[in-house]
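Residue numbers (the working numbering), protein chains in the order written: chain A, 1 to 370; chain B, 1001 to 1370; chain C, 2001 to 2370; chain D, 3001 to 3370.
For each residue, glycine too, the CB sits at the ideal point set by N, CA and C.
Just so you know, these numbers come straight off a predicted model, no measurement behind them.
Protein chains: 4
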Amino acid sequence: MSGSTFGNLFRVHTFGESHGPGLGAVVDGCPAGLRLDKSDIQKYLDRRKPGQSEITTQRKESDEVEILSGVFEGKTTGTPIGLLIRNTAQRSGDYSEIASYYRPGHADFTFDEKYGFRDYRGGGRSSGRETAGRVAAGAIAARMLQELGISVMAYTRSIGEIEIDPKAFDRDLILQTSTAMPDARADERARAYLKECMVEKDSAGGVIECRVTGLMPGIGEPVFDKLDARLAQAVMSIGAVKAVEIGDGISVTRMRGSENNDGFESYEDEGARHIRKLTNHSGGVLGGISDGSELILRAHIKPTPSIFSPQRTVNKDGENIGIEIKGRHDPVIVPRAVVVVECMTAITLADLLLANLSSRMENLRKIYTE
Amino acid sequence: MSGSTFGNLFRVHTFGESHGPGLGAVVDGCPAGLRLDKSDIQKYLDRRKPGQSEITTQRKESDEVEILSGVFEGKTTGTPIGLLIRNTAQRSGDYSEIASYYRPGHADFTFDEKYGFRDYRGGGRSSGRETAGRVAAGAIAARMLQELGISVMAYTRSIGEIEIDPKAFDRDLILQTSTAMPDARADERARAYLKECMVEKDSAGGVIECRVTGLMPGIGEPVFDKLDARLAQAVMSIGAVKAVEIGDGISVTRMRGSENNDGFESYEDEGARHIRKLTNHSGGVLGGISDGSELILRAHIKPTPSIFSPQRTVNKDGENIGIEIKGRHDPVIVPRAVVVVECMTAITLADLLLANLSSRMENLRKIYTE
Amino acid sequence: MSGSTFGNLFRVHTFGESHGPGLGAVVDGCPAGLRLDKSDIQKYLDRRKPGQSEITTQRKESDEVEILSGVFEGKTTGTPIGLLIRNTAQRSGDYSEIASYYRPGHADFTFDEKYGFRDYRGGGRSSGRETAGRVAAGAIAARMLQELGISVMAYTRSIGEIEIDPKAFDRDLILQTSTAMPDARADERARAYLKECMVEKDSAGGVIECRVTGLMPGIGEPVFDKLDARLAQAVMSIGAVKAVEIGDGISVTRMRGSENNDGFESYEDEGARHIRKLTNHSGGVLGGISDGSELILRAHIKPTPSIFSPQRTVNKDGENIGIEIKGRHDPVIVPRAVVVVECMTAITLADLLLANLSSRMENLRKIYTE
Amino acid sequence: MSGSTFGNLFRVHTFGESHGPGLGAVVDGCPAGLRLDKSDIQKYLDRRKPGQSEITTQRKESDEVEILSGVFEGKTTGTPIGLLIRNTAQRSGDYSEIASYYRPGHADFTFDEKYGFRDYRGGGRSSGRETAGRVAAGAIAARMLQELGISVMAYTRSIGEIEIDPKAFDRDLILQTSTAMPDARADERARAYLKECMVEKDSAGGVIECRVTGLMPGIGEPVFDKLDARLAQAVMSIGAVKAVEIGDGISVTRMRGSENNDGFESYEDEGARHIRKLTNHSGGVLGGISDGSELILRAHIKPTPSIFSPQRTVNKDGENIGIEIKGRHDPVIVPRAVVVVECMTAITLADLLLANLSSRMENLRKIYTE
């Protein structure tokens, strides 16, 4: 089948392995007339790049994007936007050993079972590097949302046991701290914890939170393409994510209905009456459709599976062996995955915003007969 | 757009409102030659029916399914299977009032925002009754899985604070307890808690767990149609679900890599060597592909939004009002949603099992040239 | 796979066999707020009904449609519209014989090869009766187009050698002549020819032409979902169609570029300048996108395969046998297929009209920010 | 929407404009384990290249393909295959003039109407050059078919009035004659005719025929994804195609049923009984499913719209003007489109071969439980 396509109208196809010639994406269905510059995409890719701090791998990847098509005179043309990122930093020699066994926590075993063999260099298609294509595509989605006044922001909410303090929230810190935490004190503690993990040849997990402001009500398609359902797929499809929550998430299971329901109120603004929710336990979605409140989701990410301490596994001759993984690996996936969560959220919203254009006959009349 | 289709190969389309003439599903893509009887479907629908205990609404719905097409001489023919369930118990009079305001926690407001108006009778398309179509379709998926030795089982893991004791797990109880809990003591405590909620005109949430045994490795399509990603969409698309976990789920974020990684071992069985994982923190999925272990997921469900205590909302004239909802409503959604989670899981697996047929050239050779 | 779905946004799923309980369609993605009445659909189905003249089978089928969902207070709600037509006139006894051999020109052999067995009653899913679902769905598409000032009209252009005279074209005759020819003299000659065929236990083919007026330029999606490409699929998917032409069709292959190219001119209308083509060899499509001229296509239909004269075939024991088909069969498919071509054209246009809503950023601004 | 994707399982996405950095395709869903070399693709692209004879433009395009992903150690891996062809011969200066008016017979006008503006350089996305991506992808499909013993062959059947003589058919000539005609005499006459067209600053059309041998019965999905319906879309989506025929095509409309029906016979081969058709008017398809006979289709192609004689059109200021197109243009599209028809046919078959894997439960048992 064809698992590398996401979206129905704003449609993203990705391709590429960690150590092949390159990877990228084709974005089909982006409306014509969106101002788009290479730098709009590059700045998102730069947030994903490794080698930027003591807690990410020192592997150097330039990750420079080339726009192959679909943009003319600084604007999207409505045709597919081809995006290419060349692989430059591959040192295939590093990976010759892992061809011979199944790394615990990785997809080596399942790729072999599915396809009969695998491109073992750096994890091939199952490498975290695959997300570069998503980020390039997501940057375009984010540009489109920006034009409509919608803003998507993700950040690290916790690493291991260390959680940010909502009261200390400082948006500017997201792009400044190496943990992507919007809280300087939590960042400091998390970095200390990660160094401890590294010393112990171990790794850590964490939680990414994503918030969307400016989203109009009405977005999301019942029954199966609900906003929250599509976001769940989008976010869970990121390697290492093991749980997705919307709004109050798992805590709702212990609430009473009287606590969890969000009442409504009407209010006057600039002479017109509007309706809003009194609280936002729902996280911005009711019945799978955006309700005009802030959209809130969380992705729960497992510890990096590539650890340097001894592990038990099986080699290609079927023998039980002990291994110690070598190479350059981040002790935590979370900080570099923040922009991936942001991008998958943006792609999902872009797609459902286009889908919603056909929800009412009056929209057709407005576009076609006025 | 078209949000009422799920699946690419085993494709389910649902239709129908709570109080229209009927609801149902069309299952397109079920392979020919599967033995299928009306009773195979009816027994799943019967598990979803209300009015079966003191903790579900006393509304009587017969929910009898009719197979309209696609089955001939007791076998599927490979053509679309039309499934119809007539609505018989509608008492539209009950719902005249809710046409005039937005119920907190329901989709009344968002449907109006999206479509300009709504079928307000019993929640229309956003009613929990919509899941009858999913269950009818899911029963067929489950039949198909059964033929391949795959078994899907869901149950209530917790209601409010009351959780089952894994040591007391008794599979037979799932269909016998009114909470769908596989633990008699927990069931008793949960029923007591729910009666308390009812007395207080309030409602409760809970957790459904689903386990799949017999699933071969190799199922799931990277990158976006990963097994866990598609399951996340499938399960999150069920009304009232606010979080989805795979395997160890949210708890992985506090684990170290050395704790969370599942090692591999090889062993001999009937003269052949096989590979299995030493533990199953992953919940049966690695890199989005089934790994041969038990598949485990959890759905977190919010408290029933229809509660009888006073709530604040807005009426259709834009006035802020207080309301007290009347009618027949379950104090908890969880027990009746168990079969829905099971069915959405089965549909997802059926679809990805068909998709995986084209993963290798040798499969084509086996089917077409041998 | 899933071959019973057509369209991406205005999505039609059909189901049902000739002799099962019923057949129908689910239309998912019809915008909310379209006035729709059962009679809007019934009048299209009535055009497809048999038993209405001496040149169609005398089989009586009431073909009454029931709307199961998606319409509330006389308007579409934006949710799936379930449509059911009960089979009432089945006399399965008539078909017991055909279970034992492969009818030439029918799908008996290929269904057996594909699925391993078949519902042989009346051709099962491959019966012309399958088109009832398409017509019910197409009637809704036509209603939507009508609201936007777009009109779709199909008619019989020829039967055997007898062709209509364009100068004698009388639109009103399409619904009055039993051949669906818009030319009384051609109709008379065609009926005489068909009677001759019937006497000779033989059958005839013919050509259906379809014209669309009021279609705005810009509809159709390059590269694979071009307007003409999607129409070709839509029309070729009707059983018995063996060729599809757009505009001047096959005759362009003998033209020179200077003859076939349509020049452009600008003109003034109500104070504004507009552009139009000087001729319409293209049939209303340039580069797969509507060009504002009349859209013109033709479907070429083979003679009814069920003929009463002797034929050679193979029975289920693999023996070569001679057969003489019995039963009630139209001597020509063309007249009853006219409304099917019209409906498939309408569905294709409805789908691509919705798709085109997302072609420009300015449309998003108009819907979301004004 | 998203018109640059074709296929559901063997899924081809194309991108790229005539004068941007490059164009290409992503093939998602090709089964793992197919031997594939760059030269397998290059040899198809070389057949499409211009500048190879006196009857094609002397423009030089190297059209060298790069495989970006999805192939490892000479075999497909099951992951998306990225294919890139750099544009090298662009001389944008040639096209500055056409930015200012609408060329008759081209998509300039309709792209402007759809998207608000267009990449006018060399026709942008609507250039015939777009087909390079299809050919690169189609070469992979053809490799897959070859492994299963299926062979696809297209050739020029006629140019203007000059038609090949079936008795003179010589398959080897297809790749040798500059017209791609499998008949030396017809080739000679056609070249003379084309020179005449060139002298008269005019252009010609023609017919491409495509034949598939070795195709097993059972391929094609009723109702809308019939083999012939999908082929019709595939072929009509090629720019300049105005009609598609299957088997006897338009001539069936004048046949009687007794002439057009193909009888069946059984015969013995290597001790087993088989069934075949006595004739092949159907062109290898019955009820939208392959019937085991040779598959035959024809594409009817209009004369090249870029002609050097004077034409009437409108400029961007809305003025009526006369133009004379300059530049390098083939006097006929047909010979270079032969490989495109072949490739679109191969892609369609590859996709439906994968789809058919899930037609029977016994296939699932064979793959999963044996």
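{"Check": "Between Glu2362 of chain C and chain A, is any beta-carbon pair separated by less than 8 Å?", "Outcome": "yes"}
{"Check": "Hey, how far is the Cα of Asp165 of chain A from the Cα of Pro1305 of chain B?", "Outcome": "30 Å"}
{"Check": "Give me the DSSP bridge partner(s) of Phe2006 of chain C.", "Outcome": "C:Val2012"}
{"Check": "Quick check on the DSSP output: the alpha helix (DSSP H) that includes Val235 of chain A runs from which residue to which?", "Outcome": "Leu227 to Met236"}
{"Check": "Distance, Cα to Cα, Phe3006 of chain D vs Lys1277 of chain B?", "Outcome": "39 Å"}
{"Check": "Residues in the same chain with beta-carbon distance under 6 Å from Asn3017 of chain D, minus the five sequence neighbours each way, listed in chain order, please.", "Outcome": "Correcting the residue identity first, residue 3017 of chain D is Glu in this sequence and not Asn. Cβ neighbours of Glu3017 of chain D beyond the five flanking positions: Asp3119, Gly3124 and Arg3125."}
{"Check": "Once you ignore the five residues that flank Gly1105 of chain B on each side, which residues in its own chain have a CB closer than 7 Å to its CB?", "Outcome": "Pro1305"}
{"Check": "Please list the partners that Thr369 of chain A has in chain C, where partner means a Cβ-to-Cβ separation under 8 Å.", "Outcome": "Leu2148 and Gly2149"}
{"Check": "Give a yes or no on contact between the segment 1315 to 1331 of chain B and the segment 1243 to 1257 of chain B, applying the rule of three or more CB pairs nearer than 8 Å.", "Outcome": "no"}
{"Check": "What residue range is occupied by the uninterrupted alpha helix (DSSP H) comprising Ile3347 of chain D?", "Outcome": "Val3334 to Asn3356"}
{"Check": "Drop a sphere of 10 angstroms on the beta-carbon of Phe15 of chain A, count the other beta-carbons inside from all chains shown, and report buried for 16 or more, exposed for fewer.", "Outcome": "buried"}
{"Check": "Determine, using beta carbons only, whether Gly3206 of chain D and Gly3160 of chain D come nearer to each other than 8 Å.", "Outcome": "yes"}
{"Check": "Is the CB of Glu1294 of chain B under 8 Å away from at least one CB in chain C?", "Outcome": "no"}
{"Check": "Reducing DSSP to helix, strand and coil, say where Ser126 of chain A ends up.", "Outcome": "helix"}
{"Check": "Given a cut-off of 8 Å on the beta-carbon distance, is the pair Gly2283 of chain C and Ile2301 of chain C in contact?", "Outcome": "no"}
{"Check": "Smallest Cα separation from Arg1171 of chain B: which of B:Val1340, B:Thr1179 and B:Met1153?", "Outcome": "B:Met1153"}
{"Check": "Output yes or no for whether 8 Å exceeds the beta carbon distance between Ala2107 of chain C and Leu3286 of chain D.", "Outcome": "yes"}
{"Check": "Strictly under 8 Å for the Cβ-Cβ distance: is Ile3333 of chain D near chain C by that measure?", "Outcome": "no"}
{"Check": "If we ignore side chains and look at the alpha-carbon of each, how far apart do Lys1326 of chain B and Glu1064 of chain B end up?", "Outcome": "27 Å"}
{"Check": "How far does the beta strand (DSSP E) with Ser213 of chain A in it extend, from its first residue to its last?", "Outcome": "Checking the displayed sequence, the identity of residue 213 of chain A turns out to be Thr instead of Ser. Taken as a continuous stretch (DSSP letters only), the beta strand (DSSP E) holding Thr213 of chain A covers Gly206 to Thr213."}
{"Check": "Taking Arg1191 of chain B as the reference, which of B:Val1332, B:His1019, B:Gly1020 and B:Lys1316 has the closest Cα?", "Outcome": "B:Val1332"}
{"Check": "Output the distance between the C-alpha atoms of Leu1215 of chain B and Leu2194 of chain C, rounded to the nearest integer angstrom.", "Outcome": "59 Å"}
{"Check": "What does the Cβ neighbour count give for Ala99 of chain A, buried or exposed, with the cut at 16 atoms within 10 Å?", "Outcome": "exposed"}
{"Check": "Could you work out which residues of chain D lie near Thr1179 of chain B, taking near to mean beta carbons separated by less than 7 Å?", "Outcome": "Neighbours of Thr1179 of chain B on chain D: none; closest Cβ ~35 Å, over 7 Å."}
{"Check": "Under the three-state reduction of DSSP, which class applies to Ser1306 of chain B: helix, strand or coil?", "Outcome": "coil"}
{"Check": "Could you give the distance in angstroms between the alpha-carbon of Ser1178 of chain B and the alpha-carbon of Ala243 of chain A?", "Outcome": "28 Å"}
{"Check": "State whether the segment 2352 to 2364 of chain C contacts the segment 2208 to 2227 of chain C, with contact taken as three or more CB pairs (one from each stretch) at a distance under 8 Å.", "Outcome": "yes"}
{"Check": "Tell me whether Gly3128 of chain D is buried or exposed, calling it buried when 16 or more other Cβ atoms sit within 10 Å of its Cβ.", "Outcome": "buried"}
{"Check": "Note down, in chain order, each residue of its chain lying with its Cβ closer than 8 Å to the Cβ of Gly3022 of chain D, except the 5 sequence neighbours on either side.", "Outcome": "Gly3016, Leu3084, Ile3085, Arg3086 and Asn3087"}
{"Check": "Cβ of Thr3345 of chain D less than 8 Å from any chain C Cβ?", "Outcome": "no"}
{"Check": "In chain order, what residues of the same chain lie with their CB nearer than 7 Å to the CB of Pro3182 of chain D, ignoring the 5 residues before and after it?", "Outcome": "Tyr3155, Ile3164, Phe3169, Asp3170, Arg3171, Leu3173 and Ile3174"}
{"Check": "By DSSP, does Phe2111 of chain C sit in helix, in strand, or in coil?", "Outcome": "helix"}
{"Check": "Note down the Cα distance separating Gly82 of chain A from Ser3002 of chain D, rounded to an integer number of angstroms.", "Outcome": "14 Å"}
{"Check": "Using only the alpha-carbon positions, how far apart do Glu3370 of chain D and Leu3036 of chain D sit?", "Outcome": "29 Å"}
{"Check": "Quick one: give me the first and last residue of the beta strand (DSSP E) that Glu147 of chain A is part of.", "Outcome": "First-last for Glu147 of chain A: Thr131 to Glu147, but that is the alpha helix (DSSP H), not the beta strand (DSSP E)."}
{"Check": "Kindly indicate the opening and closing residues of the alpha helix (DSSP H) around Ser1258 of chain B.", "Outcome": "Gly1257 to Asn1260"}
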